[in-house]
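Per my numbering, residue 6 is the first one in the sequence shown, and the count goes up by one each step. Have a look at the structure below before the remarks.
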Amino acid sequence: MESAADYTRRLLKKGARAHKSLGQNFLMEDQVISEIVGASVLDPDIPLIEIGPGLGVLTRILAREVNKLWAVELDQSKVEILKHELQGLPLEILVMDALKLQLSEIWGEQKGFLVGNLPYYITSPLLMHFLEQKESLIGMTVMVQKEVADRIVAKPGNKDYGVLSIAVQAAADAERICNVSPQAFWPAPKVHSTVLRLKLRPYPSLHVDSKDFFRVVKAAFSQRRKTLGNSLSSGLGIEKKRGEEILIKAEIDGQRRAETLSIEEFQMITEVFLKS
């Protein structure tokens, strides 16, 4: 089989192009592809879907490891390349916006696995879109901008810890698989990337609705330089006195800042807020 670099160069010579407006950068490093495949193919019978296959450099490997692979691609020019290069493989191409994809419509009540090199400009919306469908997923292997990966895995007290950290960690165990340099792509992006594996699991002891929980989390981080007592009341649109009372009942010091709170502490605040 052609190396990733040879495969990509051959298609580029035939006229394939990376569209900047769609955030396209073609992965050309075989070792990184091997790492992604190893982190994503758990069992040939588990449904697998790839987001943004591009020229198919990863797709051509994944499709040989599973019984059925779906690939979601919005760029019609890449769809024609995929159809030509990967004919004969157990692949179904979905020409659509990944933000409109409903996994249950693809594989019903089964749980599958998702893999993708997520476009940097819509990484967070895509992650949130699929986390909302966690009941249809075992896990995800995603390549994201390194700074985004740092935010996803950050722990309380870290400057990178925020709403995205909590959103992912409340739903999954996140693990770094490898870092990827700009030189692994064509064209080379200006940023470094990281491959993460997210193992989906139930929300940890979440006794409140997730919408209420994230309403409180977003309120707390709405003015992250301010103390929790100030940012929470402002973000929730309640009187400062009520915000202070909520924190007292939750046994949380109002002088702390949002980035120091654990997921469990945010749960406590949400429970008290809903009862007060």
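All residues carry an ideal CB built from backbone N, CA and C; glycine is no exception. Owing to the predicted nature of the structure, the values given are computational and were not obtained by experimental measurement.
Nearest candidate by alpha-carbon position, reference residue i, set the options
i	options	result
proline 192	Arg22, Glu7, Leu16 and Lys18	Arg22
methionine 148	Leu79, Gln272 and Leu201	Leu201
glycine 308	Trp75, Leu53, Ala224 and Glu269	This structure leaves residue 308 out entirely; the chain is present only between 6 and 281.
glutamate 90	Met273, Arg15, Ile251 and Ile157	Arg15
leucine 94	Arg69, Lys83, Gly117 and Val213	Arg69
arginine 181	Met145, Lys216, Gln228 and Gln107	Met145
aspartate 214	Met6, Glu276, Ile56 and Glu250	Glu276
glycine 162	Ala44, Gly43, Arg261 and Ser8	Arg261
phenylalanine 278	Thr265, Gly234 and Asn184	Gly234
glutamate 40	Thr199, Phe271 and Lys280	Thr199
isoleucine 98	Val77, Leu266, Ala9 and Leu252	Val77
tyrosine 12	Gly57, Tyr166 and Ile66	Ile66
arginine 230	Lys25, Ala263 and Asp258	Ala263
glycine 43	Cys183, Thr232 and Arg220	Cys183
isoleucine 38	His24, Ala9 and Asp48	Ala9
Segment limits, alpha helix (DSSP H) that includes residue i
i	result
leucine 136	128 to 136
methionine 273	268 to 280
aspartate 235	According to the sequence shown, residue 235 is asparagine rather than aspartate. Element bounds for asparagine 235: 233 to 241.
glutamate 55	From DSSP, glutamate 55 is part of no alpha helix (DSSP H) but of the beta strand (DSSP E) over 53 to 56.
aspartate 35	35 to 45
arginine 1	Residue 1 lies beyond the stretch modelled for the chain, which goes from 6 to 281, so this question has no answer here.
Under 8 Å between C-beta atoms of residue i and residue j
i	j	result
lysine 245	serine 238	yes
glutamine 171	isoleucine 268	Reading off the sequence shown, one finds isoleucine at residue 171, where the question assumed glutamine. Contact: yes.
leucine 136	isoleucine 54	no
lysine 195	aspartate 178	no
leucine 79	leucine 27	yes
phenylalanine 226	glutamine 272	no
tyrosine 208	alanine 176	yes
isoleucine 253	isoleucine 274	no
Endpoints, beta strand (DSSP E) assigned at residue i
i	result
lysine 204	198 to 205
leucine 119	117 to 122
leucine 252	Counting along the chain, leucine 252 falls outside any beta strand (DSSP E), though it belongs to the alpha helix (DSSP H) covering 245 to 254.
threonine 146	142 to 150
valine 77	74 to 77
valine 213	From DSSP, valine 213 is part of no beta strand (DSSP E); its letter is neither H nor E.
C-beta neighbour in chain D for residue i, strict 8 Å
i	result
isoleucine 274	No chain D is part of this structure, which consists of one protein chain only.
Inset, instruction - Spell out a yes or no on whether the region 28 to 45 and the region 57 to 76 are touching, meaning 3 or more CB-CB pairs, one atom from each, closer than 8 Å. - result: yes
Legend entry - Cβ pair count under 8 Å reaching 3, the region 108 to 115 against the region 153 to 173: no
Inset, instruction - State whether the region 65 to 84 contacts the region 127 to 134, with contact taken as three or more CB pairs (one from each stretch) at a distance under 8 Å. - result: no
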